[in-house]
Ligand SMILES: Nc1ncnc2c1ncn2[C@@H]1O[C@H](COP(=O)(O)OP(=O)(O)O)[C@@H](O)[C@H]1O
Ligand SMILES: Nc1ncnc2c1ncn2[C@@H]1O[C@H](COP(=O)(O)OP(=O)(O)O)[C@@H](O)[C@H]1O
């Protein structure tokens, strides 16, 4: 009567695949080999693992390419001294499969998953680049913010009590409840570590006073605790769980969400907040990059615009899907309860309130994610590229001061205009937190 | 990579057990047979299934007795035309096993579970009686309200993000997410059916105008929808899921919770609200019983007192357990975040707020459960014993009017005194809802 059936693990012997092994694995998959074309001896393979966690390769053949990813039994970037359940690839593949019917071409296509080797083969994205790096270079992409807004709308609606009967949702919850090793990382790195002293924390020494101030701020830790509990208990919809600008690949015309290994059920605002946090981080980071002043100013205006575009795209798409699917069978608001004119009118109000609540969550989770990327483990290139650590710390202090204000005084940020307005006001925050607002 | 591993079902052939089969099953279990004593030929077995759903028997031997329960592939009371997954016995047994270490003697001891036959053997409770019947007779029990308050406190704390690391909670969630057939009954009978026309609804014709008024009350259905969504999405703790007065067996000194087959993760206020609803139902029902007026008045005062006793016992015990377990490892409020004097003081406020939020849920769920027992399927003896259906309808209209006020005007019921005060004020509600407050 044991609860813990590890269906994430296939029966057989796991082993870490070499490049030659990967070629052999793919050669044995007719569908995938067909995409590459030619013979295995004509294929090339290269390591593209710029992520922190897994082995990732691009394999090219005469006709085309694919991307292969393997979950390792440890954190790749850190090494074998940080063990990590390799079955994370199962959750990433499950996330892609679950969402493919609803997000379509907003994610790469899953071509193959092997549960013994924890080995994923997916569509190669080309000529896509990872959004984070492009933003650091000051590049802009006209469609990405609205694409991500629509992605989150579709993914969350169709996995929530609005979009599916609870039986389907409970099956999904049972599956993703197994993704514990990765969720432990989220819980620790996002919600715990920034507010305590722990070996993994990676902030620059110039930020020590800010880190100490955060560790001693009961008000702030209380605000974080509210969201931490919501993250663990509010099973609103299936989340990506790590939707930052490093999990998005783009071209001018196309945007794709990758890397769903942190997927979990939680509050919809968490994914939105993660993406917003990374736009805000890039906004603050810009001050530390050597760049023409007018260019910088233009890029920053573009960034703030994108936050608004993301939210508006999410909001419009979420409500559109809801309205377009009155018979989705979700148990949240049964159609029969709101079928008369008063009911239909009320449902419109309910929808507005539903997205307004998501907005409140977005704002708070964005702030928490900003803090986490500055004080905790796995920092972001947007700040790391600023080599002068004093300058980096100054820029980070701005972002920290903003995030703190958002968490401690949420009433000021109920309106999106106020949220965007406030971002520039925290530039020039002193490195001594006692002197900051 | 299928999510749906039915670990609730053993491998083998399920069959409905006859009384002789049950004797044979038990004879093959040395531990259980030892409790009965003597030889199987000396044992007696009798059907005690006064519940709606399962086969339940008491088996007595020379030395003692046990209770045996089997999940049938249909709803016993309704017959084979209402199929129902027999694996509900697995969830009932899992619920008992999960909680035994924390609720101890507040539940009968699980002696055996067979996943092929969906067959449970548990401690026989004797001379216990089912609380509902005893309340209808006007009997009182000094300990039951505080015992149930303490039961819910222990069960919910130790399965929440306060009492266990989320990994443990996610394992529990994965397990109980499988309990879909029973949860479908909860969702439909409690949250949907009372507000629509459906074959299962069972109210007396004299209540038709009230039922119609409820079906047409958008405000009311909106208030219900908020709790319905919380019931499905807020995975606060492991719930019994059907904790009414028919799920409690008592003596003067002892109280036991039985019948956890509806167990699911949800808001703690749901279990509290279920029990409170049934005390309120009994309070209103008393007006329909032939009884000495002074006796009735005394019993009613006792009932209102018990609601307060239940809440105070829950509240005190929940906070006591929380304070006594600073290192439980729950991820909700990490000890390291609240370790200094300000943090410890804040934690006291957080605890108060936590139980205050549970109270708000309690009140709303109690109202929803009252409505459900009057308008939907599976009505309760407290009302059914009133044979004059006109009188029954009058008494039920009182309860409906009270429940409606609670749901539509929650601000009036934030304080427990106001909640108790209001109960008698709704006596004498007219059978024409248009004339009611
Ligand atoms: N489908 C793909 N097509 C092309 N490149 C990809 C694809 N998926 C990932 N990559 C590249 O591999 C890198 C690491 O992948 P990612 O999924 O982020 O790994 P990790 O889980 O280790 O963070 C990405 O930053 C990107 O450069
Ligand atoms: N452990 C027990 N000891 C004695 N009698 C019991 C025990 N458990 C159940 N019963 C009796 O059997 C009846 C039905 O059990 P219950 O668990 O409520 O079944 P159902 O799931 O069908 O509602 C109870 O009302 C009670 O009278």
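Chains as they are written, first to last, in our numbering: chain A, 235 to 671; chain B, 235 to 671.
Note that the Cβ used here is the ideal one computed from N, Cα and C, for glycine as well.
Chain-ordered neighbours of residue i on chain A, where CB pairs are closer than 8 Å
i, result
"residue 456 (chain B)", "580 and 584"
"residue 411 (chain B)", "404, 405, 407, 408 and 411"
"residue 362 (chain B)", "Correct list: empty, because the minimum Cβ distance to chain A is about 26 Å."
For residue j and residue i, the rounded distance between their alpha carbons
i, j, result
"residue 235 (chain B)", "residue 625 (chain A)", "Low per-residue confidence applies at residue 235 (chain B): pLDDT is 38, beneath 50, and the placement is therefore not dependable, though the value from the model is reported in the following sentence. Rounded to whole angstroms, residue 235 (chain B) to residue 625 (chain A) spans 49 Å at the Cα level."
"residue 421 (chain A)", "residue 276 (chain A)", "44 Å"
"residue 323 (chain B)", "residue 244 (chain B)", "12 Å"
"residue 415 (chain A)", "residue 308 (chain A)", "11 Å"
"residue 578 (chain B)", "residue 555 (chain B)", "16 Å"
"residue 595 (chain B)", "residue 507 (chain B)", "8 Å"
"residue 543 (chain A)", "residue 533 (chain A)", "15 Å"
"residue 584 (chain A)", "residue 661 (chain B)", "33 Å"
"residue 650 (chain B)", "residue 460 (chain B)", "21 Å"
"residue 299 (chain A)", "residue 272 (chain A)", "12 Å"
"residue 604 (chain A)", "residue 573 (chain B)", "24 Å"
"residue 238 (chain A)", "residue 405 (chain B)", "For residue 238 (chain A), the predicted structure reports a pLDDT of 45, less than 50, and the residue's modelled location is therefore unreliable. A value from the coordinates is still provided. Rounded to the nearest angstrom, the two C-alpha atoms are 7 Å apart."
"residue 317 (chain A)", "residue 612 (chain A)", "16 Å"
"residue 388 (chain A)", "residue 330 (chain A)", "13 Å"
"residue 423 (chain B)", "residue 606 (chain B)", "7 Å"
"residue 409 (chain B)", "residue 402 (chain A)", "15 Å"
"residue 344 (chain B)", "residue 357 (chain B)", "6 Å"
"residue 655 (chain B)", "residue 378 (chain B)", "22 Å"
"residue 671 (chain A)", "residue 370 (chain A)", "28 Å"
"residue 287 (chain A)", "residue 474 (chain A)", "16 Å"
"residue 547 (chain B)", "residue 413 (chain A)", "37 Å"
"residue 311 (chain B)", "residue 614 (chain B)", "14 Å"
"residue 261 (chain A)", "residue 251 (chain A)", "14 Å"
"residue 645 (chain A)", "residue 601 (chain A)", "14 Å"
Partner residues on chain A for residue i, Cβ-Cβ distance less than 9 Å
i, result
"residue 469 (chain B)", "407, 466, 467, 468, 469 and 499"
"residue 559 (chain B)", "Near residue 559 (chain B) there are no residues of chain A at all, since even the closest Cβ is about 17 Å away, more than 9 Å."
Strand pairing of residue i, partner residues [DSSP]
i, result
"residue 313 (chain A)", "A:309"
"residue 328 (chain B)", "Answer is none; residue 328 (chain B) lacks a bridge partner."
"residue 468 (chain B)", "A:468"
"residue 302 (chain B)", "B:291 and B:355"
"residue 484 (chain A)", "A:363 and A:489"
"residue 281 (chain B)", "B:291"
"residue 473 (chain A)", "A:498"
"residue 666 (chain A)", "Answer is none; residue 666 (chain A) lacks a bridge partner."
"residue 348 (chain B)", "B:353"
9 Å Cβ cut-off: residues of chain B touching residue i
i, result
"residue 646 (chain A)", "Near residue 646 (chain A) there are no residues of chain B at all, since even the closest Cβ is about 22 Å away, more than 9 Å."
"residue 417 (chain A)", "400, 401 and 404"
Chain-ordered chain A contacts of residue i [CB-CB under 7 Å]
i, result
"residue 452 (chain B)", "576, 577 and 580"
"residue 568 (chain B)", "426"
"residue 463 (chain B)", "395 and 566"
"residue 310 (chain B)", "Those do not exist, as residue 310 (chain B) stays about 23 Å from chain A at its closest Cβ, beyond 7 Å."
"residue 414 (chain B)", "401 and 404"
"residue 508 (chain B)", "Ordered by position in chain A, no residue passes the 7 Å Cβ test against residue 508 (chain B), which lies about 19 Å from the chain."
"residue 737 (chain B)", "Because chain B in this structure spans residues 235 to 671, residue 737 (chain B) falls outside the shown range and cannot be described."
Cβ-heavy atom distance, residue i to ligand 4, below 6 Å
i, result
"residue 359 (chain B)", "With respect to small molecules bound, the structure shown includes ligand 1 and ligand 2 and not ligand 4."
Contact list for residue i against chain B, beta-carbon separation under 8 Å
i, result
"residue 615 (chain A)", "Per Cβ cutoff of 8 Å: no residues; residue 615 (chain A) is ~29 Å from chain B at best."
Identify each residue in the segment 421-439 of chain A for which the Cβ-Cβ distance to at least one residue of chain B is less than 7 Å, and report them in chain order.
Along the segment 421-439 of chain A, going in chain order, the ones with a CB nearer than 7 Å to a CB of chain B are 421, 426, 429 and 430.
Closer than 7 Å between beta carbons: that is the criterion. Which residues of the segment 372-400 of chain B meet it against chain A?
For the segment 372-400 of chain B, the set of residues with a beta-carbon nearer than 7 Å to any beta-carbon of chain A comprises 395 and 400, in chain order.
Report the residues of the segment 529-555 of chain A with a CB closer than 9 Å to any CB of chain B, ordered along the chain.
The residues in question: there are none.
Pull out every residue of the segment 329-351 of chain A whose Cβ sits closer than 8 Å to any Cβ of chain B, in chain order.
The residues in question are 331, 347 and 349.
Complete runs of the beta strand (DSSP E) confined to the segment 374-446 of chain A [at least 3 residues]
Listed in chain order, there is nothing to give.
If you scan the segment 236-266 of chain B from start to end, which runs of the alpha helix (DSSP H) of 4 or more residues do you find wholly inside it?
Within the segment 236-266 of chain B, the complete alpha helix (DSSP H) runs of at least 4 residues fall at 253-261.
Just by C-beta distance, which residues in the segment 469-485 of chain B are closer than 8 Å to chain A?
Per Cβ criterion, the list reads 469 and 470.
Mind pulling the alpha helix (DSSP H) runs of 4 or more residues that sit fully within the segment 545-622 of chain A?
DSSP runs (the alpha helix (DSSP H)) wholly in the segment 545-622 of chain A: 575-609 and 615-618.
Taking only runs of the alpha helix (DSSP H) that begin and end inside the segment 491-540 of chain B, which ones reach a length of at least 4 residues, in chain order?
Segments of the alpha helix (DSSP H) lying fully in the segment 491-540 of chain B: 502-519.
Please list the residues of the segment 618-644 of chain A that have a C-beta atom closer than 8 Å to any C-beta atom in chain B, keeping them in chain order.
Result list empty, no residue passes.
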